[in-house]
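Report on one structure; see the data block that follows.
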Amino acid sequence: MSQYRFPAYVQIGKQRYRERFGLDFEDFTKGQLFRHRPGVTISQQDNKEECINTLNQAMLHFDDYYAAQTEFGKPLIDTTLIVQHLMGMIWKTYNRRKKILGWGKIAMVAPVFGGDTLYSESEVIELQAGDKHSETGLVRVAICGLNQDKKVVCEMGCDLLIYKRNHLPFSANGY
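For the sequence shown, position 88 matches number 88 in the UniProt record's numbering, and the numbering has no gaps at all.
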């Protein structure tokens, strides 16, 4: 069966298929822009739980009275929660990654509040194929987080090692 008939699946036997997520390194080109959907609405309760889980004691995230005295007027969503959600939204596109090599940038450029919905977009900034024997290539990605009003709230950049075609572990043996 042709892989193009069911591009999101790999045939692993007669009448047997395995879902496939992510693009191979060879599928990426500089300048590609991906809109990752669906969005995620973050509640103030999500925010409080993230602060508890990460031992974040900044009152700006969970104390309504304190936050009302600041320029924001209400509690801000914790940055780690925003980054987690934005990265989670891009996973289908970049799921064939071996690892995240590092972050070039994480910048919160506008406030995020409980009840806001986040959307993620990513752009391929640079590609490095490595040598012909390498199982991965480097994909440098700029990630933009937007709220429900299409306002940019977060800008990030990261380097990912993405498996080249037919090099993903378990890609041929049915796992």
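Where is the CB? At the ideal position from N, CA and C, for every residue including glycine.
Cβ-Cβ distance between residue i and residue j below 8 Å
i: T41; j: G115; result: yes
i: G157; j: K92; result: no
i: K150; j: F113; result: no
i: L127; j: L86; result: no
i: V153; j: V109; result: yes
i: E135; j: K99; result: no
i: F28; j: N95; result: no
Alpha carbon of residue i to alpha carbon of residue j, nearest angstrom
i: R97; j: D159; result: 10 Å
i: E123; j: L161; result: 15 Å
i: F72; j: Q148; result: 18 Å
i: R35; j: S120; result: 6 Å
i: G174; j: E19; result: The predicted position of G174 is uncertain, since its pLDDT is 45 and thus under 50; a value taken from the coordinates is nonetheless stated next. G174 and E19: Cα-Cα distance of roughly 10 Å.
i: E155; j: Q11; result: 38 Å
i: G14; j: D24; result: The sequence shown places Lys at residue 14, not Gly. If you take the alpha carbons of K14 and D24, they lie about 24 Å apart.
i: R37; j: M89; result: 7 Å
i: K132; j: A107; result: 35 Å
i: A68; j: V141; result: 36 Å
i: Y66; j: A58; result: 10 Å
i: E26; j: F62; result: 45 Å
i: L101; j: G39; result: 25 Å
i: P111; j: Q32; result: 27 Å
i: residue 226; j: K30; result: Nothing about residue 226 can be read from this structure; the chain reaches only from 1 to 175.
i: D64; j: W103; result: 32 Å
Presumed contact (8 Å Cβ cut-off) between residue i and residue j, rounded CB distance
i: G137; j: G130; result: 6 Å
i: L60; j: L76; result: 5 Å
Residue interval of the alpha helix (DSSP H) (run including residue i)
i: D46; result: 44-53
i: K92; result: 91-94
i: D27; result: Segment: none, D27 is in no alpha helix (DSSP H) and carries neither H nor E.
Range of the contiguous beta strand (DSSP E) that encloses residue i
i: A142; result: 136-146
i: residue 182; result: No statement about residue 182 is possible, as the shown extent of the chain runs from 1 to 175 and does not include it.
i: D159; result: 152-163
i: E71; result: Note, E71: premise wrong, no beta strand (DSSP E); not H, not E.
i: G31; result: Element bounds for G31: n/a, residue is neither H nor E.
i: residue 210; result: Not covered by the structure: residue 210. The range shown for the chain is 1 to 175.
i: L127; result: 117-128
i: R18; result: 16-19
Heavy atom of the ligand FAD within 7 Å of residue i beta-carbon
i: L118; result: As presented, the structure is devoid of all ligands, the ligand FAD included, so that no description of it is given.
Proximity test, Cβ basis, 8 Å: residue i and chain B
i: A110; result: No chain B is part of this structure, which consists of one protein chain only.
### Message
I'd like to know if the segment 70-83 and the segment 32-51 are in contact, where contact means that at least 3 CB-CB pairs between them fall below 8 Å.
### Response
Verdict: yes, contact present.
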